[in-house]
Structures are given as C-alpha cells and as structure tokens.
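Note sheet for the following structure.
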Amino acid sequence: MPKNPNLTLSGPDLAALLCSRVCHDVISPVGAINNGLELLDEGAADADALDLIRTSAINASVRLKFARLAFGASGSVGASIDTGEAEKAAKDFAVAEKKTEVTWNGPRAIIPKNRVKLLLNLFLVAYAGIPRGGSVDVTLIDPEGTARFEIVVKGRMMRVPAKFVEICSGTLEEAVDAHSILPYYTVLLAEECDMELKHIVSEDNITFIAEMAAA
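Numbered per my numbering, the sequence shown spans residues 6 to 220.
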C-alpha cells in the first residue's frame, strides 16, 4: 500500500495515462514531419521542406528515446541502467527544445533502473518549472549508495509545478489526468525507490531533491 494517499491509480489507468503523455510529446514533431511532406508535394522549396522534416524527425526521435528510459521497461525487471544514458537523454532533450541549457555533474554509475526513471522524471518536473527556458543543473551524489539527486533550475517565470506540490503532499483533490500523470509517476517512483522528494525555492533558483528516506 503506497504511503501517499494520492497514489491510487490502478495499473491499467497508470499505463493509459503514461501512454497519453508519450503521445502528447511526440504528436507535434510527427505532425510537423507530415507538414514538411505536404510542402514537398505542393512544390515548395526543397531546402525549406527538408529542413522542417529533418528537424522534426530529430525532435521526435529524441523524445521517444527519452520516453523509453523515463517511462518504458528499458530491459528486464530488476535491470540496472548506466546513468550516462540518462545524461545523454536529458541533454539531447534540451537541445531539441532549443531553450534550455543542461549541465550534469557527479559520477557515472550503473544503478537500478527505477532510480534512473525517477531521476529523469524529476528532470521533467524541474524542466516544467522554467516554461520560458533557462538552465538545468543536475548533480548525482553517491548514486550507487545513499543516492541523492539534486536538480537546480534557473529562468524567467520560475515556479514549482502546482500538481507536483499537491501530489507530494497528498493533497490533490481531483482525479489524476494526462497533465498531472508526470508528477504522479515521479512521486510513485520515489516511493518505489524508498526516496524522499523535496524542493527548495530561493530568489534566483529552485532546487528539486530526491534522496534516500531516513531509516
């Protein structure tokens, strides 16, 4: 039984909402590829249409690779993942978005896949906290042992995503939907990893933290 009272989704509902999230993330670049092909059919300048197709295809590929690590099985049950894969996925994601710079600090390690999934989902929560872009600084401390992940974001119009706060505190009053499934899944992963989530807001940045729960 989850400790957080908001973690009540059934397995099928969780799977359906995560699928909706992935579809939401890739539908825009895939649609842009289709638009580029239509431009070619209409006799538009080849260079412009091909550039749109190329850029959109890269964007879709990056988003799918990120989703495979953050939401997918990524190997067998109980498998471990190289944090270097998570670093590449996060940096490629930011490059495709073209509005945020990502730095990554800490040792490269092979750790349980749910810790990697937690790290990447917390990255997305933190990323959502700077909707106008900025910087994301990820730090891994002793990832193979008493793991602690710190993600510091800076940017204009910074804010902690409201649904993340509500689900973390167990005070969400409405049903979880495709918009709130990301913070929901992040909190669920934290419980699965026996890690605690917290955030610290200062004047010039917000720090999101996942660390091993106190004994």
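Here a beta-carbon is modelled for each residue, glycine too, at the ideal position from N, C-alpha and C.
Which residues does DSSP pair with residue i in a beta bridge?
| i | result |
| --- | --- |
| E106 | S140 |
| S85 | P117 |
| K159 | S140 |
| T151 | None; T151 has no bridge partner. |
| L145 | F154 |
Going by alpha carbons, who is nearest to residue i out of the options?
| i | options | result |
| --- | --- | --- |
| V206 | S61, K159, N39, L23 | K159 |
| F76 | L145, A20, L57 | A20 |
| G150 | P34, G16, M217 | M217 |
| A195 | A54, E179, I172 | I172 |
| L42 | T60, V27, V31, N110 | T60 |
| D97 | V141, P117, A84 | V141 |
| N119 | L74, L14, I32 | L74 |
DSSP three-state call for residue i: helix, strand or coil?
| i | result |
| --- | --- |
| L177 | coil |
| L127 | helix |
| K8 | coil |
| R164 | coil |
| F76 | coil |
| A183 | coil |
| T60 | helix |
| I172 | helix |
Tell me which residue opens and which closes the beta strand (DSSP E) that residue i is part of.
| i | result |
| --- | --- |
| L202 | 200 to 206 |
From what residue to what residue does the alpha helix (DSSP H) around residue i run?
| i | result |
| --- | --- |
| A20 | 16 to 46 |
| I211 | It is not in any alpha helix (DSSP H) - I211 instead sits in the beta strand (DSSP E) that spans 211 to 217. |
| A195 | 186 to 197 |
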